[in-house]
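Asker: Going by my numbering, the sequence shown opens with residue 4, and the numbers climb by one from there. Every residue, glycine too, gets a C-beta built ideally from N, C-alpha and C.
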Amino acid sequence: MKHVARKRFGQNFLTDKMVLSDIIDTIAPQRGETMVEIGPGLAAMTALLLKQLDQMHVVELDRDLVARLEKAYPREKLTVHSGDALKFDFGSIPVPEGQRLRIVGNLPYNISSPLLFHLAEFAPLVEDQHFMLQKEVVERMVAEPGTKAYGRLSVMLQWRYDMSLMFIVPPTAFDPPPRVDSAIVRMVPKREMLKCDGATLEKVVAKAFSQRRKVIRNCVAGMFTEAQLVEAGIDPGTRPEAVGLEQYVALANLL
Ligand code: SAH
Numbered sequence: 004m005k006h007v008a009r010k011r012f013g014q015n016f017l018t019d020k021m022v023l024s025d026i027i028d029t030i031a032p033q034r035g036e037t038m039v040e041i042g043p044g045l046a047a048m049t050a051l052l053l054k055q056l057d058q059m060h061v062v063e064l065d066r067d068l069v070a071r072l073e074k075a076y077p078r079e080k081l082t083v084h085s086g087d088a089l090k091f092d093f094g095s096i097p098v099p100e101g102q103r104l105r106i107v108g109n110l111p112y113n114i115s116s117p118l119l120f121h122l123a124e125f126a127p128l129v130e131d132q133h134f135m136l137q138k139e140v141v142e143r144m145v146a147e148p149g150t151k152a153y154g155r156l157s158v159m160l161q162w163r164y165d166m167s168l169m170f171i172v173p174p175t176a177f178d179p180p181p182r183v184d185s186a187i188v189r190m191v192p193k194r195e196m197l198k199c200d201g202a203t204l205e206k207v208v209a210k211a212f213s214q215r216r217k218v219i220r221n222c223v224a225g226m227f228t229e230a231q232l233v234e235a236g237i238d239p240g241t242r243p244e245a246v247g248l249e250q251y252v253a254l255a256n257l258l
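1. Within the present structure, is the beta-carbon of A176 separated from the nearest heavy atom of ligand 1 by less than 6 angstroms?
2. Identify every residue that forms a DSSP beta bridge with E63.
3. Could you check how far apart the C-beta atoms of A245 and C199 are, in whole angstroms? I think they sit under 8 angstroms.
4. At 4 residues or longer, and completely inside the region 154 to 210: list those alpha helix (DSSP H) runs for me, N to C.
5. Any contact between the region 78 to 91 and the region 18 to 35? By contact I mean 3 or more CB pairs, one from each, below 8 angstroms.
6. With the cut-off set at 7 angstroms, would you say M169 and T29 are in Cβ contact?
7. Among residues of its own chain, excluding the 5 on either side of L51, which ones have a beta-carbon nearer than 7 angstroms to its beta-carbon?
8. Which residues have a Cβ closer than 6 angstroms to any heavy atom of ligand 1, listed in chain order?
9. Using CA coordinates, which residue listed in Q102, L204, A123, G108 is at the minimum distance from K193?
10. Mind the definition here: the region 208 to 220 touches the region 232 to 250 only if three or more C-beta pairs lie below 8 angstroms; say whether that holds.
11. Of all the beta strand (DSSP E) runs that stay within the bounds of the region 105 to 163, which reach a length of 3 or more residues?
12. Just grab the DSSP bridge partners of T37 for me.
13. Please specify which runs of the alpha helix (DSSP H), each continuous and at least 4 residues long, are wholly inside the region 225 to 253, giving them in chain order.
14. Determine which residues share a DSSP beta bridge with L17 and list them.
15. Once you ignore the five residues that flank P179 on each side, which residues in its own chain have a CB closer than 7 angstroms to its CB?
16. By alpha-carbon positions, which one of R163, V252, V39, A75 ends up nearest to G236?
17. Can you give me the Cβ contacts of P117 inside the same chain, cut-off strictly under 8 angstroms, excluding the 5 residues immediately before and after it?
18. Hey, how far is the Cα of L3 from the Cα of L156?
19. Does the distance from the CB of K138 to the CB of D65 come in under 7 angstroms?
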């Protein structure tokens, strides 16, 4: 029976064979690696990944799709975790000594930000992550200071990951087509992060970008003095989007 796409689960199934093959080439799975896919859906990517892997894990929320996947693949090839990726413990997947987990997925766009923040908790266990996301979101993730796209998502994720926009995917590659362009992003957890408490950095960055048209002195008033801004290497008269990651980290470390 044909599966009818469910909007509330953010279902846009990849159907373009060229795009699928470009994604698999970008991920470049190697036999023996441990991989988990978030939101496998009708297994468009899963099927191709399994050609190059002995076995893999998937996390899927839609129970109808879970049942299909369990029927289509033997257990020793595919471990299906039925549930919400936002609550999934990625540390529960067994990984051989000396290896790290690879995470992939054409993500449900309606939960992309919370999912990225949830995954950040597991960054030390992760080798890399390749995701299809809304193009605008990927542009914000990789944005440099001084650009319009640069903000909270850029700073928080660039603190933990090296990231690159790999390529753009048009709506026509999906069924049903989403309303926006998509892009593939590669995220590699930084092995040497700038030392900082994540929750404090998050608090500072949220405050700084709460009024992006104001100068930073006014944005963080009540949290930092002008002297502290200068101490962190920040010109108090500059706008929050001109302040780099190192400076935000220096500022957070003053708290
Ligand atoms: N990877 C497939 C499907 C993409 S659509 C493809 O490329 O064709 C997004 C998928 O994520 C759907 O299968 C949807 O059911 C699933 N999904 C949505 N929310 C989820 C969540 N919170 N946790 C896990 N999977 C989710």
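Answerer: This is what the structure gives:
1. Here residue 176 is taken as the residue at index 173 of the sequence shown, counted from 1. No, the Cβ of A176 stays beyond 6 angstroms of every heavy atom of ligand 1.
2. Here residue 63 is taken as the residue at index 60 of the sequence shown, counted from 1. According to DSSP, E63 bridges with S85.
3. Here residue 245 is taken as the residue at index 242 of the sequence shown, counted from 1. Here residue 199 is taken as the residue at index 196 of the sequence shown, counted from 1. About 20 angstroms separates the two Cβ atoms, so there is no contact after all.
4. 155 to 163
5. no
6. If you number the sequence shown from 1, residue 169 lands on position 166. If you number the sequence shown from 1, residue 29 lands on position 26. Cβ distance < 7 angstroms, so M169 and T29 count as in contact.
7. Residue numbering aside, residue 51 sits at position 48 when the sequence shown is read from its first letter. Closer than 7 angstroms at the Cβ level, and outside the excluded window around L51, lie L23, I27.
8. F12, G13, Q14, N15, F16, L17, I41, G42, P43, G44, L45, A47, M48, V62, E63, L64, D65, L68, D87, A88, L89, N109, P111, I114
9. For the purposes of this step, residue 193 is taken as the residue at position 190 of the sequence shown. Per the Cα distances, A123.
10. yes
11. 129 to 137
12. Counting from 1 along the sequence shown, the entry for residue 37 is found at position 34. Paired residues: L104.
13. 229 to 234
14. Mapped onto the sequence shown, residue 17 falls at position 14. Answer by DSSP bridge pairing, in chain order: F177.
15. For the purposes of this step, residue 179 is identified with residue 176 of the sequence shown, where counting begins at 1. Around P179: A8, N15.
16. As a first step, residue 236 is located in the sequence shown; it is residue number 233 there, counting from the start. When only C-alpha atoms are compared, the closest one is V252.
17. On the sequence shown, position 114 is the one that residue 117 refers to. Taken in chain order, the residues that qualify are L89.
18. Lying before the first or after the last residue shown, residue 3 is absent from the chain, which here runs from 4 to 258.
19. For this step, residue 138 is matched to residue 135 along the sequence shown. For this step, residue 65 is matched to residue 62 along the sequence shown. Their beta carbons are not under 7 angstroms apart, which means K138 does not touch D65 by this criterion.
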